[in-house]
Amino acid sequence: MERLERKEKEFKVRRADILKQAEKIFADRGFYNVTMAEIASASGFSSGSLYLYFTGKEDLYSSMIMGKLDLMYDQIKAKVNAASGVYEKIETIIAAHFQFVENNADFCRLFMRGENAAPSDVMTLLRRKILHDYSQYLTFIEKELNRGIKKGLLRALPARDMAKVLFGLVRLSSLHWLIFSQKESLSSQKDFLLDVFLRGVQQNEK
74 MERLERKEKE FKVRRADILK QAEKIFADRG FYNVTMAEIA SASGFSSGSL
124 YLYFTGKEDL YSSMIMGKLD LMYDQIKAKV NAASGVYEKI ETIIAAHFQF
174 VENNADFCRL FMRGENAAPS DVMTLLRRKI LHDYSQYLTF IEKELNRGIK
224 KGLLRALPAR DMAKVLFGLV RLSSLHWLIF SQKESLSSQK DFLLDVFLRG
274 VQQNEK
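First residue of the sequence shown: 74, per the working numbering; consecutive thereafter.
Take a look at the structure:
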């Protein structure tokens, strides 16, 4: 039993190493310009050994994308759950997302290329998971915003739509930073985005 557990642990560690190397190569060269042999070499495996962990390049690519997205959502949710107060949780949603993008810029640029990065059959499965996870994440944000509405801290607007707006602001800010490689950190935009979301851009009437 102990030996079996050790083998399973080794399998997971080696698989994670392969995914880490694959992410770097895919991000640098795209899906079509990378071979399994190159990924195997970078990971310290033979080409044949790689197929013990993945059925092919499509399986490896989709596993890498899905695993990274799971990590992103898990990290953000954990940080938000640890925060106290409605405003603090909203601030943490923004800060945690920006931090992930900064720490995983190459992956985010690869993901940003979207359907052009891999064959349509691979993207079909990915799209289903992406949409499912996106919906679940919106529900997570929606619940936090609903708490703020019930406490009278936020306006009584549709919480789902508010969640879409917040995520949209975060996503567009991240996208702009990734495309134009701004000199300032993405995290430096957190306070501005938080202020715009909570207070809007309309001048208060005197």
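Think of the CB as a built atom: it goes at the ideal place given N, C-alpha and C, for glycine as much as any other residue.
Is the CB-CB distance between residue i and residue j below 8 Å?
i: Met139; j: Phe173; result: no
i: Leu251; j: Ala178; result: yes
i: Ala236; j: Leu248; result: no
i: Arg228; j: Glu215; result: no
i: Phe171; j: Ser116; result: no
i: Leu142; j: Asp206; result: yes
i: Ile91; j: Leu123; result: yes
i: Glu96; j: Phe180; result: yes
i: Ser254; j: Glu175; result: no
With a threshold of 7 Å on Cβ separation, who are the neighbours of residue i within its own chain once the five nearest residues in sequence on each side are excluded?
i: Lys150; result: Phe213
i: Arg220; result: Val159
i: Gln152; result: Looking at the sequence itself, residue 152 is Lys, so the reference to Gln does not match. So the list reads Thr165, Ala169, once near-sequence residues are dropped.
i: Gln148; result: Ala169, Phe173
i: Ile167; result: Val243, Lys263, Leu266, Leu267
i: Glu81; result: none
i: Ser120; result: Met109, Ala110, Ala113
i: Phe240; result: Leu211, Ile214
i: Met185; result: Leu248, Leu251
i: Gln94; result: Ile112, Ala115, Ser116
i: Arg200; result: none
i: Ala156; result: Lys162, Thr165
Beta-carbon within less than 8 Å of residue i's beta-carbon, same chain only, minus the 5 sequence neighbours each way: which residues are those?
i: Phe99; result: Val107, Tyr134, Met137, Leu183, Ala190
i: Leu198; result: Ser135
i: Gly129; result: Met109
i: Lys224; result: Val159
i: Asp101; result: Asp179
i: Val269; result: Leu242
Who are the near neighbours of residue i in its chain, counting only those whose CB is closer than 6 Å to its CB and skipping five residues on each side?
i: Phe127; result: Leu133
i: Arg88; result: Tyr126
- [ ] Run through the stretch 228–262 for me and flag every whole alpha helix (DSSP H) of 4 or more residues, listed as ranges in chain order.
- [x] 232–253
Open item on the list: As an exercise, report each continuous alpha helix (DSSP H) stretch of at least 4 residues that is fully enclosed by the stretch 172–223, in chain order.
Closed with: 178–186, 193–223
- [ ] Can you check the stretch 95–162 for any alpha helix (DSSP H) of at least 4 residues that lies completely inside it and give the ranges in chain order?
- [x] 109–116, 120–123, 130–155
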